[in-house]
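Trainee: Here it is, the structure, as structure tokens.
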Amino acid sequence: MNKPSPEFDSLLPPLTLNRRGFLATSLMSGFTLAAGPVMAQTVITTDTNGLTAGEVKIPVADGTIPAYRAAPAGKTNLGTILVVQEIFGVHEHIKDVCRRFAKLGYLAIAPEMYARQGDPSKFTENAKIFSEIVNKVPDAQVMSDLDATAKWAAANGGDPKRLAITGFCWGGRIVWLYSAHNPNLKAGVAWYGRLVGDKDALRTSQPVDIAGQMKAPVLGLYGGKDTGIPVATVDQMKTALTSGSAAAKASSFIVYPEAPHAFHADYRPSYRATEAKEAWDKAQAWFKKYL
1 MNKPSPEFDS LLPPLTLNRR GFLATSLMSG FTLAAGPVMA QTVITTDTNG LTAGEVKIPV
61 ADGTIPAYRA APAGKTNLGT ILVVQEIFGV HEHIKDVCRR FAKLGYLAIA PEMYARQGDP
121 SKFTENAKIF SEIVNKVPDA QVMSDLDATA KWAAANGGDP KRLAITGFCW GGRIVWLYSA
181 HNPNLKAGVA WYGRLVGDKD ALRTSQPVDI AGQMKAPVLG LYGGKDTGIP VATVDQMKTA
241 LTSGSAAAKA SSFIVYPEAP HAFHADYRPS YRATEAKEAW DKAQAWFKKY L
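Read in order, the letters of the sequence shown are residues 1 to 291 in UniProt numbering.
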């Protein structure tokens, strides 16, 4: 991996600890170092013209967490999309995804799910992010923080009757879990999120375990050449969904045979423009159908 430049490192905020024990009190600038090298020539940048966009604070059970919000300026009663980060936190790509949804007329909001556990922006290795942060994040905390984010959105221009969720990589798994958690959710789109795996005190269920409990239909977008999420696990999830709730049975998958993991991440070498565009169109259609 290329060594990060001093200029890039200087863009990242210092790690701070507030009195409630939150390690991240604001969102990062730029990208997490472990995600590099950033493919600057392919990064998609969506402007804020006509939008209200920027960082907000979400009240949660034990304090506040930062989030990035984007919405059409001056509009209310908007369909709301919760955007759940990759393992790298709420960086520039996730913020841009929020702006893309806002340009389509939604209120999109991405809460920082690691606020209590740490700041992933300084790590240069994925393994360190997992061991130092990700593996310390309880699913129950994530569900609670997403509930709080949905509540904030409903009080700040969102329509609580039109709530959806999307997420990438780590966030893709969360989409499945949240779709089984929140009865007010209308739809989800999961991008290459893990479906099976080990369980422990912090992760008591995997998506395949709660597939039948879906309260909202989920569209799964996966890569056929994803070495970390074999297509066999997608087939396993499909089978689990067939004997579940109406929302479970309405869920669907699209597998792009030649796509690797993170094929939508336009700032990374894994980006596949053709598959990413088609999948983005499918996600839009899914939300339009249910919201």
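All C-beta atoms, glycine included, are put in the ideal place defined by N, C-alpha and C.
Would you mind stating whether R69 and G89 have Cβ atoms separated by less than 8 angstroms?
Mentor: The sequence position of residue 69 within the sequence shown is 69, counting from 1. The sequence position of residue 89 within the sequence shown is 89, counting from 1. For R69 and G89, no; Cβs fall outside 8 angstroms.
Trainee: Would you identify the three-state DSSP class for P207, choosing helix, strand or coil?
Mentor: Your numbering for residue 207 matches position 207 in the sequence shown. Helix.
Trainee: May I ask which residues mark the beginning and end of the beta strand (DSSP E) holding T80?
Mentor: Counting from 1 along the sequence shown, the entry for residue 80 is found at position 80. Residues 78 to 84.
Trainee: Whole angstroms is fine: what's the gap from P14's alpha carbon to V134's?
Mentor: Along the sequence shown, read from residue 1 onward, the residue named residue 14 stands at position 14. Along the sequence shown, read from residue 1 onward, the residue named residue 134 stands at position 134. Residue confidence for P14 is low, a pLDDT of 34 falling below 50, so the modelled location carries little weight; the figure read from the coordinates is stated next. Rounded to whole angstroms, P14 to V134 spans 19 angstroms at the Cα level.
Trainee: Would you grab the beta carbon distance between residue 292 and Q284 for me? Rounded to a whole angstrom, and I think it's under 8 angstroms.
Mentor: Beyond the ends of the chain as shown, which are 1 and 291, falls residue 292; an answer cannot be given.
Trainee: Tell me whether the beta-carbon of D119 lies closer than 8 angstroms to the beta-carbon of I44.
Mentor: Position 119 of the sequence shown, counted from the start, is the residue given in the question as residue 119. Position 44 of the sequence shown, counted from the start, is the residue given in the question as residue 44. No, the Cβ-Cβ distance between D119 and I44 is not below 8 angstroms.
Trainee: Taking the CB atoms as reference points, tell me whether A279 and L241 lie closer together than 8 angstroms.
Mentor: Taking the sequence shown and counting its residues from 1, one reaches residue 279 at position 279. Taking the sequence shown and counting its residues from 1, one reaches residue 241 at position 241. Cβ distance not < 8 angstroms, so A279 and L241 don't count as in contact.
Trainee: Measure from the alpha carbon of H91 to the alpha carbon of each residue in D47, K128, A265, then state which is nearest.
Mentor: To locate residue 91, count along the sequence shown from 1; it is residue 91. Minimum Cα distance to H91 is reached at A265.
Trainee: Measure the Cβ-Cβ separation of D147 and L202 and say whether it is below 8 angstroms.
Mentor: Counting from one through the sequence shown, the residue named residue 147 turns up at place 147. Counting from one through the sequence shown, the residue named residue 202 turns up at place 202. No. Outside cutoff.
Trainee: Over the uninterrupted beta strand (DSSP E) stretch that includes L163, give me the two end residues.
Mentor: Residue mapping note: residue 163 aligns to position 163 of the sequence shown, counting from 1. First-last of the beta strand (DSSP E) with L163: 158 to 168.
Trainee: Please say whether D226 and residue 297 have beta carbons closer to each other than 8 angstroms?
Mentor: The chain is shown from 1 up to 291; residue 297 falls before or after that span and cannot be answered.
Trainee: CA-CA distance, G79 and R100?
Mentor: Numbered from 1 along the sequence shown, position 79 holds the residue referred to as residue 79. Numbered from 1 along the sequence shown, position 100 holds the residue referred to as residue 100. Between G79 and R100, the C-alpha separation is close to 14 angstroms.
Trainee: Can you give the beta carbon distance from M214 to Y178, rounded, assuming they're within the 8 angstroms contact cut?
Mentor: Position 214 of the sequence shown, counted from the start, is the residue given in the question as residue 214. Position 178 of the sequence shown, counted from the start, is the residue given in the question as residue 178. Their Cβ separation, rounded to whole angstroms, is 10 angstroms, which puts M214 and Y178 out of contact at 8 angstroms.
Trainee: How many angstroms separate the CA atom of A115 from the CA atom of I94?
Mentor: As a first step, residue 115 must be located in the sequence shown, where it is residue number 115. As a first step, residue 94 must be located in the sequence shown, where it is residue number 94. The straight-line gap from Cα to Cα measures roughly 16 angstroms.
Trainee: Can you say whether G188 is buried or exposed, counting buried as having 16 or more other CB atoms within 10 angstroms of its CB?
Mentor: For the purposes of this step, residue 188 is identified with residue 188 of the sequence shown, where counting begins at 1. Classification for G188: buried.
Trainee: So, is P207 buried or exposed, given that buried needs 16 or more other C-beta atoms within 10 angstroms?
Mentor: What you label residue 207 is simply residue 207 of the sequence shown in a count that begins at 1. Its Cβ being crowded by 16 or more others within 10 Å, P207 is buried.
Trainee: From S5 to N77, what distance separates their C-alpha atoms?
Mentor: Counted from its first residue, the sequence shown places residue 5 at position 5. Counted from its first residue, the sequence shown places residue 77 at position 77. Any reading at S5 needs caution, since the residue's pLDDT is 29, under 50, leaving its predicted position unreliable; the model's value is listed next. Distance between the alpha carbons of S5 and N77 is about 43 angstroms.
Trainee: What residue does the beta strand (DSSP E) around S252 start on, and which one ends it?
Mentor: Along the sequence shown, read from residue 1 onward, the residue named residue 252 stands at position 252. That run of the beta strand (DSSP E) goes 252 to 256.
Trainee: Measuring alpha carbon to alpha carbon, tell me which of P37, A61, A273 ends up nearest K151.
Mentor: The sequence position of residue 151 within the sequence shown is 151, counting from 1. The candidate whose alpha carbon is nearest that of K151 is A61.
Trainee: Give a yes or no on whether the C-beta atoms belonging to T25 and P72 are separated by under 8 angstroms.
Mentor: Locating residue 25 in the sequence shown gives position 25, counting from the first residue. Locating residue 72 in the sequence shown gives position 72, counting from the first residue. No, these two residues do not count as a Cβ contact at 8 angstroms.
Trainee: In three-state DSSP terms, what is I109?
Mentor: Start at 1 with the first residue of the sequence shown, and residue 109 comes out as number 109. Residue state, collapsed to three classes: strand.
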